[in-house]
Amino acid sequence: MPVIDLHSHSRYSDGAVSIAELLYTYSKAGVEMMSLTDHDCILGLAEARTKAAKYNMIFVNGVEISTRDHDNLHFVGYNFDPENLALKKLLETNTQLRLERVKKTVKLLQEIKIQITEEEVLKITKGVSSRAHIADCLRRRHLGYMRSDIFKKYLGKGCPAYVPPMAVTVKEAIEAIKEAGGKCFIAHPGLVRDCWDFEKWVSWGLDGIEIYYPSHREAMREELLRIAKKYNLLVSGGSDFHGNIAGRVLVPGREVPQEVYDKLYSTFF
Ligand SMILES: [Zn+2]
Ligand SMILES: [Zn+2]
């Protein structure tokens, strides 16, 4: 079965690897078609595209857009025009809101006497800032081994430094991707089962579902395949690769059925 990976992150968002390292890793893993989908950031696309060509990998422009309804309700856009103004404006809005959320979170941490500053977080931020960068600062302070430890103790929902998501709406995210000529997929729907509203998302222009995802078990995949069939949606797969960050998947690439690969290829090219 073909190996694709339409979901990956670099240092431009919360990934641990440079574009060069990412592409090298993907080529070694035998990925045939890939996309870089940094959170709310498209700064790495040009370099990734050049490097992918060097390794003979098929490259698709990508971005993962956060929404305000849930911490994990993300939509990935593919094959859009990265110069499109509506999309650029939306990404700028989310970048600003991310920064605000980071500032609020840092303040809450300071209130519970955790030593951390905004400057420190921004110093390790390359493209967009995120709570993952805060977690990395705290890991350095030995307050946890993995990012997930920090989220469980300080940053996650119900924790002392939790700030609810600040981002655009789902409708705005889908529409901006479509406006830029792209295809919009719901990312890792298994993580946001309570938020499902396919009827509405499809009416706003949703094109597909990320079904082949590391934490999706067979029952979840089958349920999602039924939904894809019902609404005539595309199917994709990705690993959500973040590089060598303890607690996250380290192996890029997902095997997908040949017909899934063929459908994606004919949609994008
Ligand atoms: Zn995501
Ligand atoms: Zn992701």
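Quick note: the sequence shown uses this note's numbering, first residue 72, plus one each step. A virtual CB, placed ideally from N, CA and C, is assigned to each residue, including glycine. Nothing here was measured: the structure is a model prediction, and the numbers come from that model.
Ligand 2 heavy atom lying under 7 Å from the CB of residue i
| i | result |
| --- | --- |
| His78 | yes |
| Asp268 | no |
| Thr108 | yes |
| Glu92 | no |
| Asp311 | yes |
Three-state secondary structure (DSSP) of residue i
| i | result |
| --- | --- |
| Ile280 | strand |
| Gly215 | coil |
| Ile90 | helix |
| Arg82 | coil |
| Ile75 | strand |
| Thr164 | helix |
| Val177 | helix |
| Glu326 | strand |
| Val192 | helix |
| Ser106 | strand |
| Val241 | helix |
| Val331 | helix |
| Ser98 | helix |
Buried versus exposed, by CB contacts within 10 Å (16 or more), residue i
| i | result |
| --- | --- |
| Phe340 | exposed |
| Arg202 | buried |
| Ile257 | buried |
| Met72 | exposed |
| Asp333 | exposed |
| Glu135 | buried |
| Tyr216 | exposed |
| Leu158 | buried |
| Pro328 | exposed |
heavy atom of ligand 1 below 7 Å from residue i C-beta
| i | result |
| --- | --- |
| Ala232 | no |
| Asn343 | Since the first residue of the chain shown is 72 and the last is 340, residue 343 is not available in this structure. |
| Ala206 | no |
| Asn143 | yes |
| Ala247 | no |
| His259 | yes |
| Glu135 | yes |
Beta-carbon contacts of residue i that lie in its chain and below 7 Å, excluding the five residues immediately before and after
| i | result |
| --- | --- |
| Glu246 | Trp275 and Gly276 |
| Leu47 | The structure shown does not extend to residue 47, since the chain spans only 72 to 340, so no value can be given for it. |
| Ala206 | Arg218, Ile221, Phe222 and Leu226 |
| Ser81 | Val88, Ser89, Ile90, Leu93, Leu107, Asp109 and Gly115 |
Cβ shell of residue i (< 6 Å), same chain only, five flanking positions each side left out
| i | result |
| --- | --- |
| Val234 | Arg172, Lys175 and Thr176 |
| Val331 | Val306 |
| Gly252 | Phe151 and Asp152 |
| Pro231 | Ile183 |
Task: beta strand (DSSP E) runs contained entirely in the segment 247 to 299, provided each spans 3 or more residues - done: 254 to 257 and 279 to 283
TODO: Mind listing, in chain order, the continuous alpha helix (DSSP H) runs of no fewer than 4 residues lying wholly within the segment 112 to 168?
DONE: 116 to 125
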